[in-house]
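See structure below.
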Amino acid sequence: MNIDDTLDLNRKPAAFAPAAGNVASTTIHTDDAGLETGQFTIPSQSDRMPAYMAKPAGESRPLPIVIVIQEIFGVHEHIRDICRRLAKQGYLAIAPELYFRQGDPSAYDDIGQLFKELVSKVPDSQVMADLDHTAHWAATHGGDGQRLAVTGFCWGGRIAWLYAAHNPQLKAAAAWYGKLVGDKTLTTPRHPVDMAKELVTPVLGLYGAQDTGILPEHIDAMRRALSAANAKAEIRVYPEAGHAFYADYRPNYHAASAEDGWRRMLQWFSQHGMSGDGK
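Numbering (my numbering), first residue to last: 177 to 455.
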């Protein structure tokens with residue numbers, strides 16, 4: 177594939193992140209038949225940010241855009257596969273590598289070390305700006321800037337909430353098991369529960385009741401904040417699911433919850449003007 181000279185031919189295809197552990201037998205692989213896929217670099221804040229994109233092949237019409245926000249493990253094979261799944265539904269799906277200035281998540285085989293040495297150093301303000309540049313780039317490379325959504329997983333689930341309060345051009349957002357409360361630091365000065373009143377985008381939150389890091393009281397606090405703000409948001413909690421229940425390459429995967437969450441996300445997008453073209 178060769179959309180233009182931003183195609184990055186020097187980057188190796190992403191495998192699964194070492195810090196995520198052994199790849200489970202439940203792993204789903206989505207092929208690229210009927211798709212255009214590739215690794216690109218996006219101009220952002222005087223840098224060139226790597227990103228993976230997938231979209232239906234041969235489409236001349238501008239396509240609805242979904243920005244896929246990475247897990248803590250970065251834009252590894254699972255996130256790329258999610259882009260292909262969305263492309264099969266008629267979307268231009270793009271996943272920017274939001275840690276690229278701080279380091280390479282594929283260099284870590286321990287999740288604690290990955291968080292301490294890399295992820296904790298990534299400022300929310302930097303991420304918001306990089307997502308803005310991603311949206312602009314996608315809208316000038318086959319996407320429809322008037323039909324823009326985000327979805328994020330784990331670390332990216334929290335970011336999806338924040339971006340829904342940041343960008344008024346978003347039509348919809350879906351946050352998968354994203355952290356809702358937490359300690360405030362220089363890099364993470366606010367959390368979703370603090371920003372409920374600022375939401376300008378309808379958000380679907382998808383959570384597992386067995387998640388040991390996102391507790392029922394955290395979800396209750398977020399629901400109260402959303403209700404007080406009269407925000408357009410809905411939170412779905414799956415009783416039998418834990419954290420990362422959509423991650424089919426991990427033992428956390430809970431197929432029934434994952435399938436229902438995916439269906440609800442697509443319905444949410446459609447409900448808010450983000451139907452995949454021709455799907």
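From the three backbone atoms N, C-alpha and C, an ideal C-beta is built for every residue, glycine too.
From a predicted model like this one, the values you see are computed outputs, not experimental measurements.
Item                                                                                          : Value
For A417 and H430, believed in contact at Cβ under 8 Å, the rounded distance                  : 4 Å
Same chain only: Cβ atoms within 6 Å of G279, ignoring 5 sequence neighbours per side         : L294
Nearest-angstrom Cβ-Cβ length linking V326 and I270, presumed shorter than 8 Å                : That pair is no contact at about 10 Å.
Between the CA atoms of D208 and T388 - distance to the nearest angstrom                      : 35 Å
Proximity below 8 Å, CB of I241 to CB of Y267                                                 : yes
Exposed unless 16 or more other CB atoms sit within 10 angstroms - verdict on L391            : exposed
L346 versus L324 - alpha carbon distance                                                      : 5 Å
Residue ranges of each alpha helix (DSSP H) within the segment 295 to 335, 4 or longer        : 300 to 315
Spatial distance of D181 from G319 (CA atoms)                                                 : With a pLDDT of 40 at D181, under the threshold of 50, the modelled position of this residue cannot be trusted; read the value that follows with caution. Using only the alpha carbons, I get a separation of about 17 Å.
Cβ-based neighbour list, K373, same chain, cut-off 6 Å, excluding 5 preceding and 5 following : A405
Three-way DSSP call (helix, strand, coil) for E435 in this model                              : helix
Sub-8 Å separation of H342 and M398 beta-carbons                                              : no
A314 vs W337 beta-carbon contact at 8 Å                                                       : no
Neighbour-count burial assignment, V376, 16 or more Cβ in a 10 Å radius                       : exposed
Span separating the alpha-carbon of D436 from that of P272                                    : 26 Å
Y339 - DSSP class collapsed to helix/strand/coil                                              : helix
Beta-carbon proximity of R256 to Y275, cut-off 8 Å                                            : no
Paired residues, beta bridge with P240 - DSSP                                                 : D320
When K360, P365 and A311 are compared against P344, the one with the closest alpha-carbon     : A311
P378 versus A193, W444, W331 and K360, residue with shortest Cα-Cα distance                   : W444
C-alpha distance - S220 paired with H205, whole-angstrom precision                            : 30 Å
Range of the contiguous beta strand (DSSP E) that encloses F249                               : No beta strand (DSSP E) contains F249, which DSSP labels as neither H nor E.
Extent of the continuous beta strand (DSSP E) run through R400                                : Not the beta strand (DSSP E): R400 falls in the alpha helix (DSSP H), residues P392 to A405.
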